[in-house]
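Mapping of the sequence shown onto the working numbering: residues 2 to 699, in sequence order.
C-beta atoms are modelled at their ideal positions from N, C-alpha and C, and glycine is treated no differently.
Fair warning: this is a prediction, and the values are worked out from it, not measured in the lab.
First up is the structure itself, then whatever we jot down about it.
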Amino acid sequence: MNIKIIFKYLLVTALSMLLFSFVSTVYATNTLEDISFSSIPGDKVQVVLRFSDMATSPGSFTINSPARIAFDFPDTAIALDHKRKNIGIGLARSVTAVASGGRTRVVLNMVTLTPYSTIIDGNNVVIIIDEANVNYSNNALTGNSITDIDFRLGPDGEGDIILTFAEQPKNVNLQQAFKKLVIDINNVGLPGNLERRLDVNDFNTPVTFIDTFSSGKNVKMEVDVKGEFTHLGYQAGKTFTIEVKGLTKAEKEAKQKAKFGYSGERLSLNFQDIEIRAVLQLIADFTGKNMVTSDTVNGSITLRLKNVPWDQALSIILKSKGLGMREEGNVMRVAPSEELAAIEKQELESKRQIADLLPLVTETIQLQFVPASAVITLLDDMGANEASKNQAGSNGDIEDTDSASYISSRATIVGDDRTNKLIVRDTARNIVQLRKLIKEIDTPTKQVLIDARVVSASDKFERDMGLNWNFRSLNTQHPDGTINTLKERGFVGNTGNYQTTDALVDLGTAQKNILGITFGLLNTGYLVDLEISASQIEGTSELISSPRVVTTNGSTAKIKAGNEVPYLEQNENGNTVAFKDAVLSLEVTPLIIPGNKVHMDLIINKDEVDALVPIGIGSAPSIATREIETSVLVDNGDTVVLGGIFEHNRSKGTDSVPILGDIPVIGAAFRVNSTQDTKTELIIFITPKIMNETLSVR
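Spelled out as structure tokens, the structure:
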């Protein structure tokens, strides 16, 4: 009964403490209502925290990486519309406020740490960030780095962003993403004083903000732009300039016309049952272009068009009457669509007949990077090398300057694998077209180095404690039949015939680290041995496997290393030896994406022999398999964590003598306790590196 009363008392106390904690959280004594910020003279940034009641001095601390300044306010809640705000002034990036357990924390995210001070002003806490005397860290690489970022107003109202480098940059990628310009610069360092946001609204250009920040070994710049604009990037020596210009009214109208699809001057037409030839004549007079109308064009039309581009009006009229139009220079030819198609077909037939009479010439084309057989296969798949398929003369040769034909039906292409040359016999014009195509195909294929790291770490702890009891009787018999006791024999150094009876209770550990205590019962001839056995094992291990493989862009590569584990297998021919693989393997298919990125299809296996499993004729090994199959997109040179497996095994056990082990206090002499705690973690890292055509990747 007393136990129940005590339990109820503890339960009420716990619920009271929980309720008090909840109430103190909900009904905090103060509330953070607003966060504002501004730039003040002296290269300083001012952040103002406004509370509902009198503010108190906060506790604060800083973090170097990432650079942060944190302020703690006890007994304070939050009443903000947005808990995170972007600052973008000087070295201050953003501010974040979070509340938990009746306490509010305000975190300033910085580019780099700088001196700061706090002032209590009534309900406000004023934080002043001083950037005048900050020691900027230089994140530049030993190679190239950005030395200056400048913004200038151009003569026509455009905004010029000027990047100055220590050395001539090799890879500056400029692209437009909606209302932003994104500049990616690889393998370039950025000093800390340049890693900030520039507010250039006062220049009254399309550019509003410029954010520059480091991303590993690379630098990224994001330019916010307002309105419609055009941009241009150009490099001159160590300087890269980005020119952003707003569109004029005429340019906006031209852009709208291009988007609309019709750009002709607008006109209005309102006719009732007018001849189609008369309407076409009106459009020809309005545009000033020459028009030839076929004799088969006839009929009348009723139309009412108001403020419509003339080319749109002409398209509507032609479609309504099943007519077509072909424009050559400033002459338009109008006729029924079937008639125009027949005319074009006749012209093509004439060109085919002329092409059949052109002389054939023989030339060789030297290939550098692509095998000749691969080019021939590609041409066969395109349907261009019909001659190699013994289909010469089936359709003739279409020798139009605007056609996509590369090989005529009379052509012959032979590949010489010894010299990697193509021997082509065709018309001179087709050979010129073929050379242009091969120039685009015959390019070196980039190679990719795939560096994988498989890290397996374990932490093991084992502890065993137990007792080892031995009961023994030692008796010596004289010739006259008398028996000496231990005291009479002196126990040590005696000879004779001994009769020993053992009664053993072994509750020791598997790992024998023994502390022995021996008890002898004199005058009785009995010996009791007590051995205290204790064992503790601790250890950590880390295994790093790092397979690497190089392959060409788009080609699959596979590498594996390990063992083939033998075991007996029974079949119709008797017992044979079979093998199981226990290997570490990496299979990857990389694809280089524009923007210096690599897409990879990956299969990674890490197998180990776990244990032997009994089977009918013996035993076979079981394989512990860890496998990951995925597709990822990674920047060149960056490392991505594909996945991890964490295992935590904890066990406790007791081995005891029945009944005796359950006795209080003395039962410990008849029990052995064991504890095991094992942690295992497997993590897989992948790093792709695009290899330069002239330099190897290290």
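Supposed contact pair residue j and residue i - C-beta distance, whole angstroms, cut 8 Å
i      : j      : result
LEU315 : ILE284 : 6 Å
SER53  : ASN31  : 6 Å
ILE629 : ILE664 : Going by Cβ atoms, the distance from ILE629 to ILE664 rounds to 53 Å, so no, they are not a contact pair.
THR119 : PRO59  : 7 Å
MET111 : ILE70  : 6 Å
ALA583 : GLU609 : 6 Å
As assigned by DSSP and simplified to three states, the class of residue i
i      : result
SER101 : strand
GLY491 : For GLY491, the predicted model reports a pLDDT of 43, less than 50, meaning its position is unreliable and no value from the coordinates is stated.
ILE691 : strand
ILE408 : coil
GLU573 : coil
ALA80  : coil
ILE660 : coil
VAL332 : strand
ASP418 : coil
VAL673 : strand
LEU683 : strand
PHE462 : strand
THR378 : helix
ARG430 : helix
ALA562 : strand
ARG353 : helix
GLU252 : helix
ARG94  : strand
ALA579 : strand
LYS607 : strand
ASN172 : coil
ARG197 : coil
PHE370 : coil
Nearest candidate by alpha-carbon position, reference residue i, set the options
i      : options                           : result
ASN331 : ASN308, THR288, GLN313 and ASN693 : THR288
SER1   : LEU270, ALA255, LEU248 and ASN65  : Nothing in the structure corresponds to residue 1, since the chain is present only between 2 and 699.
LEU199 : PHE241, LYS227, LEU92 and PRO67   : LEU92
HIS83  : ILE36, ASP460, ILE646 and ALA56   : ILE36
LYS559 : PRO207, VAL578, LEU587 and GLY540 : LEU587
ARG327 : GLU345, ILE318, PRO310 and ILE317 : GLU345
LYS246 : ARG153, HIS232 and ALA237         : HIS232
THR413 : THR420, ASP427 and ARG419         : ASP427
LEU114 : ALA68, ASP296, PHE72 and VAL614   : ALA68
GLN282 : LYS239, LEU569, ASN421 and MET333 : MET333
ASP73  : VAL433, ASN202, ALA56 and PHE152  : ALA56
THR631 : GLY160, GLY644, VAL584 and ASP656 : GLY644
ASN291 : ALA251, VAL335 and ILE184         : VAL335
ASN187 : GLU339, LEU164 and ASN174         : ASN174
PRO337 : ILE302, GLU348, THR297 and LEU349 : THR297
Same chain, Cβ closer than 6 Å to residue i, five either side skipped, listed in chain order
i      : result
ASN495 : Any reading at ASN495 needs caution, since the residue's pLDDT is 40, under 50, leaving its predicted position unreliable; the model's value is listed next. Here the set comprises nothing.
GLN677 : GLU463 and SER652
VAL698 : Confidence is the limiting factor: at VAL698 the pLDDT is only 41, short of 50, which leaves the residue's position unreliable and the question unanswerable from this model.
PHE647 : GLU682
VAL49  : SER37, ASN125 and VAL127
THR446 : THR553 and ASN554
ASP212 : ARG198 and GLU223
ASP452 : ARG549 and THR688
Beta-carbon proximity list for residue i, same chain, < 8 Å, skipping 5 on both sides
i      : result
LYS180 : ASP225, VAL226 and LYS227
LYS253 : GLU229
VAL96  : ILE36, PHE38, VAL48, ARG85, LYS86, ILE88, VAL107, VAL108, LEU109 and ASN110
Residues bridged to residue i (per DSSP)
i      : result
VAL245 : GLY160 and HIS232
LEU50  : ILE36 and VAL126
TYR117 : ILE130
GLN177 : LEU182
MET222 : ILE184 and THR213
GLN448 : THR553 and MET692
GLN537 : ARG464
PRO337 : LEU324
LEU304 : PHE272
GLY654 : SER675
LYS45  : ILE41 and ASP131
LYS86  : VAL96
ILE667 : According to DSSP, ILE667 bridges with nothing at all.
ARG267 : PRO310
Nonlocal neighbours in the same chain, by C-beta distance under 7 Å from residue i, ignoring five residues either side
i      : result
ASP417 : ALA373 and ILE424
LEU361 : ARG411, ARG426, ASP427 and THR428
GLY662 : GLY668, PHE671 and ARG672
HIS649 : LYS680
Cutoff 8 Å: residue i Cβ touching any chain C Cβ
i      : result
ILE302 : Of the protein chains in this structure there is only one, and it is not chain C.
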